[in-house]
Amino acid sequence: MQRTVDYKHGKIIMIDQTRIPAELATIEISSVEALADAIITMKVRGAPAIGVAAAMGIALAARNSVTDDPKQVFEAMEQAAATLKTTRPTAVNLFWGIERMLDAAHAALEITSSADELRDEMDHLAMAMVHEDEEVCRILSAYGAAVLPTEAHVLTHCNAGALACVGYGTALGVIRAAIEHGKKIHVYVAETRPRLQGMKLTCFELLQDKIPVTLITDSMAGMLMQKRKINCVIVGADRIAANGDVANKIGTYSLAALAKYHNVPFFVAAPTSTIDASLATGSDIPIEERSHDEITHIDGHRVAPMGVEVINPSFDVTPGTLIKAIITEKGIVMPPYKQNLK
Ligand code: MRU
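Residue numbers for the sequence shown follow our numbering, so the first one is 6 and each next one is one higher.
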């Protein structure tokens, strides 16, 4: 599949994920405002993809600034950073991508007085992050392939696939790598209310790769585990605290608790850029509250009775105690996470 996000000739090219599975269409983004809108409306989503897209947004701001003064270019980048940081609060990769670009720009300013050199440097770093994301997904997936059962009935939630990264994926990357290693895998995909990333995106990806897949509603997971139909769960992550608590798509915690009860191993696959060592526990992770229309409406039509109270937290936090291992590009981390994540 083509890259989820790419950067060419001063423009961001991205797959519009809101149109999948109806069509696989790309859009071109040439302003920071358009990028911020694409992140908020989830044309691009998934922690690693958001991180790389935000880094591209900083490069774009440098390109779009009309000045010969590198300090003014830097100011434009800082403004873009402020805008992009308000888009989605939970996935730490967004902030990681932006800070990495600003740090590099800061260092470049020490050695260059050319605005164009600074812009080139930013373009190069954004592209380096594209290649790095592809490589990191491949490496962590190869590690993760070893932990899946030889005959695996794997449950996954949301989309931690190629569409959530530049390509290949984290949780789905592990599944892809396990199949490449000759393992027999059947994937159960939870639809993932309310935005249905599991149904729309994960099923789409797996069908494209001809990986056996069964779609279930979120509420079916317990019954399937009780009937021993699932022998492994693997998900991605949006932010991992220092003690191994993991923020991921709403519903992940319920699956982890069910998996513990039924003695099914529960794995998290994520790049180290998703680890936020500054947060001691998951209770410090900011949880995005999205529009209540996502719950009350289906396909633009209101289905909930008028006047009902609604909440829509987009993520929940799974305690590290429920997680068998965290699979990263630096290796597989086992509990105790507070010690081993370091
Ligand atoms: O709201 P989304 O679709 O951006 O949420 C995405 C997830 O929760 C993914 O599981 C997570 O970002 C990991 S993606 C490799």
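C-beta: ideal position from N, C-alpha, C; glycine also.
By the neighbour-count criterion, in which 16 or more other beta carbons inside 10 Å mark a residue as buried, residue 266 falls on the exposed side.
Taking a contact to require three or more Cβ pairs closer than 8 Å, the stretch 232-241 and the stretch 271-286 qualify as touching. Looking at the backbone, the Cα of residue 102 and that of residue 232 are separated by about 42 Å.
Annotation for residue 301: the continuous alpha helix (DSSP H) segment containing it runs 298-301. Set against 7 Å, the gap from the CB of residue 311 to the closest heavy atom of the ligand MRU is not smaller. Within the same chain, 158 and 193 come within 8 Å of residue 234 by CB-CB distance, once the 5 residues on both sides are set aside. Judged by DSSP in its simplified three-state form, residue 318 adopts strand.
For residue 253, the three-state secondary structure derived from DSSP is strand.
Taking residue 112 as reference, the option from 97, 93, 76 and 95 with the minimal CA-CA separation is 76. Checking the 7 Å criterion, the Cβ of residue 202 is within range of a heavy atom belonging to the ligand MRU. Under the three-state reduction of DSSP output, residue 49 falls in the coil class, being neither helix nor strand. Placement of the Cβ of residue 241 at a distance of less than 7 Å from at least one heavy atom of the ligand MRU is found.
Between residue 82 and residue 66, the beta carbon gap of about 5 Å places them in contact (Cβ cut-off 8 Å).
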